[in-house]
Structures are given as structure tokens and as C-alpha cells.
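See below for the structure under consideration.
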Amino acid sequence: MLRLALAAGTALGFTSSPVAAQGGNEVAQAISADMPALMEIYRDLHAHPELSMQETRSAGIMAEAAREAGFEVTEGVGGTGIVAVMRNGEGPTVLIRADMDGLPVTEQTGLPFASKMKGVSTAGVESGIMHACGHDTHMTAWIETARLLSARREAWSGTLVMVGQPAEEMGTGARAMLADGLYSRFPKPDYALAFHDSAAMEAGKVGAAVGWALANVDSVDILVKGRGGHGAYPHTTIDPIVLASSIVMKLQTLASREIDPKDSVVVTVGSFHAGTKHNVISSSAKLELTVRSYSDETRAKLLEGIQRIARGEALAAGVPEEDLPEVSWKELYTRATWNSPEFTEETLGRLQAKMGTDKVGELPSVMGGEDFGEYRRADEENIKSIIFWVGGVPEAAYKAAQDGGPPLPSLHSAFWAPEADKVIGSGAETLTLTALDILGTK
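Those letters in the sequence shown? Residues -21 to -1, 1 to 421, per mature numbering (1 follows the signal peptide of the UniProt record, and there is no 0), in order.
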């Protein structure tokens, strides 16, 4: 997950003249009483992160907590995922997801419970491991939500499906669980809920985008071929660095000239590799791109445009047909996440009434990626979904950054240390109140 580029105050839909919360206090009070024990769970999860598809210890902690709360628990779904089900009479089925994986990042927060774990990433590189995306707060809030809803069974009717998901950072965990029978072996949801901590919002604040929430994420590789030679005699070569540079610049016109300005896209060349020595013109260059979009149609336009531009620039440079650039991307990409508009607007309104308009608001969509959208995509006509953002930035640091002070560390940063008690508290409160609103009998 990438850092959110969000502004503060009313631009996010939070009112500057807050409306006091009405109701919901009992849940917040219960969370406050539970917080010391929850922080012990959080510190343990933070100190023992696990890489994608290796989350056995984390899954075990969540599974044990769900069993103790009265759920029927199945482990090993989609690899290391867990599914906890509670049937409580007739009514809707609500899925609540938390992701479990850490990142190959060596922690530098200085926390007394900082991770010292090491592991080998999918790239085969050994490194430190860290919950640099805050999934430890997600798991802890998930545990509290399961406990709160179990203790309030008299207040709701329906079915809860609590999902502990692996490999969100790889964008493959949700699809792995679905492929392993999530919707055939277990009750299929009518609603899907989740939250993600934010490194750009004040701690404890809650929001959600209406409609598109997060983007399609494609990783595109372009192998540019030329004809190498001596740097003193460029006329005898086809310089792939010059050609690749032309491609880089031309790619920017996809966003500026080919896509509707109201349709947000990103085409970023994050890596450019070529050459070995000052006076040698190489025979090839490699570009690595991250490409972001929302709709499937816009994604297709971008990928076609990248291929067309690479081919056209190469032909203009005199590259023969058999040596035209090779453009490739993975079919298993992270697909865009959609918050069901009417459901999201109604949910935010109810949360504002219970938690306060200064704490809950509407947010803009972002170009980061999340695989939570797969739970709705598996049955788009019948499943409503929403993923919330819960702020994690301590108030003093947030205000200092707004006033031109030190920049905030982003998600995936070795320095990201959310104000965990506020993330966990607001996350659990948001998920619990939303589930009670959907399933409530009163």
C-alpha cells in the first residue's frame, strides 16, 4: 500500500464545527477498557512480523482469539488465511477482513518493541521484516471487533465471516482465498468491510471515498533493443539509452493528451537500467513502470498506449522489426477497489452521528493499491463493500507537518510508527458499529 496524498480539515469532509457524537459511546467505552490488553497483542504482533504467505504465527494468534470469542475457525485457507464464522440467526452476511503480512523492511522506528525479525523476500533477498504498513493494527482491531460483536449477539441477527488474509502486499491474498473456496465453503457475504491505517491523516480520524477508492496497479516492463558500439562513434549504433529516454518522455502524453483529464491515471517510470561503461553504447535498456488507473477500460487504453509508443519511437529510431521493444506485464495485477456509493454515504452518515462529524468524513480516492476489492468483484451485483481509512499520525506530528515542519514518514517507511491505540480504537469502533448497523435487530 502506498502513502496517501490527502489534505487536512474540511477538504476531507470533516466539519470544522463538529457535531457531537450521539450514541455509540458504549462500544467506545468497551474498547477503551480493553485497550491495555489490546496493546499487548499489538506489541507482540509488531515485534514478530511475517512476510507474505508466511503468516503462520499471526494467523494462529487471530484464530485462537476468534475461537475464544465463539467463532467456528478454519485455518489454511488460500495458504495461511483464516476464516472465522459466527451464525446468529436469520439476516445478512457480513465479511470483515484484516490483512496480516509484513514487509521486507528493516525497522528504524526506535520503538522498544521494534521488530528484529529477518526473512527472505520473494525476490530472494534477505532483509529485516517490519509491519511498515500497519497490518498489526488491522489484526488487533479485527480481534477486538470479533470480541465486541460476539459479546453483543443479542443486538444483531445474521452471519459474521471474519477473514484473516495473507499476502495483501503482493496483491494475491484475496484471490488465493477466493480460489480456495471462500464463497463456496463458507457463507457468501452481502457486505464486505475493512480498514487501512493512514500515514497522512490525524490519528483516530476515519473516512472513506465514495465510489473508486484505490487504483488498478500494473507493473510494466519494457526491454528496449538497439545496436551497441563505441561511444566515440554513435553514428554506427542505435543508442538504446537515447531511444528509451524518448519513450520515457512520450509516455507522459498518455496522461496529458490521451486520457480524459477527469479520469485520474499515473504512468511512472521507476527504474531505468542500461550500460556498463562511460565509452560503451549498450545494446539494450530496461524500463520498469508502475501504471495506475481506475476503470478496466482506462487500464486497457494505457497498456495499449504504452505498447504503441514504445513501438513507434523504436521505428522512428530505425530499429528493425525483429528488434522492436518487448512490453510485458503480469496478468495477476492488483485491481481497483470500489466503495459502493449509496452504502458508503449512508454508512458515513451513521458513523458521523455516533462518532462525531469532526472524526468521520468523506475522503478522495487515491492511486494506491489494495486487493480488498476482490471480495466485491467476485459477485459485483450482490455484494456491497467499503474500505475505510483510519488516521495514524500523532496529532503533534500532523500539525507540525501542516505548518511546514518535518515531513511525515509514509506507509512502507522504516520510520512509520502509527499512534497504535488510536488506530486500533477507531478501527474496531468503525467496524463494530457498521456491522451492528447492518445486522442490528433494533
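Don't be surprised by glycine CBs; every beta carbon is placed ideally from N, CA and C.
Residues of the same chain with a CB within less than 6 Å of the CB of MET14, apart from the 5 flanking positions on each side, are ASP400 in chain order. In this structure, DSSP gives TRP395 a state outside helix and strand, which the three-state scheme calls coil. Per DSSP, VAL221 is not a residue of any beta strand (DSSP E); the alpha helix (DSSP H) it occupies stretches across 219 to 232.
A direct Cα-Cα distance of roughly 12 Å separates GLY68 from GLY419. Taking C-beta atoms under 8 Å as the contact rule, VAL372 and MET180 qualify, at a distance of about 6 Å. The beta carbons of LEU193 and GLY348 sit about 6 Å from each other, so the pair counts as a contact at 8 Å. The Cβ-Cβ distance between ASP159 and GLY249 does not fall below 8 Å. With contact defined as three or more Cβ pairs closer than 8 Å, the segment 168 to 182 and the segment 359 to 368 are in contact.
Sequence-distant Cβ neighbours of PHE351 in its own chain, meaning closer than 7 Å and more than five residues away, are ARG76, ALA153, ALA173, THR316, ILE366. Counting along the chain, the unbroken alpha helix (DSSP H) around ALA380 starts and ends at 374 to 381. Residue pairing for ARG76: DSSP places it in a beta bridge opposite VAL142. Nearest in C-alpha terms to ALA289, of all of TYR354, SER272, VAL203, is VAL203. For PHE174, the uninterrupted beta strand (DSSP E) run begins and ends at 170 to 181, by DSSP. Spanning the alpha carbons of THR323 and ASP169 requires a straight line of approximately 14 Å.
Considering only LEU90, GLY107, PHE92, PRO91, the residue with the shortest C-alpha distance to GLY98 is GLY107. If you look at GLY249, you'll find it isn't in any alpha helix (DSSP H); it sits in the beta strand (DSSP E) that goes 245 to 253. In this chain, the beta strand (DSSP E) harbouring THR316 covers 316 to 318.
DSSP places VAL203 in the strand class (E or B) of the three-state scheme.
DSSP, reduced to helix, strand and coil, places LEU268 within a strand of the structure shown.
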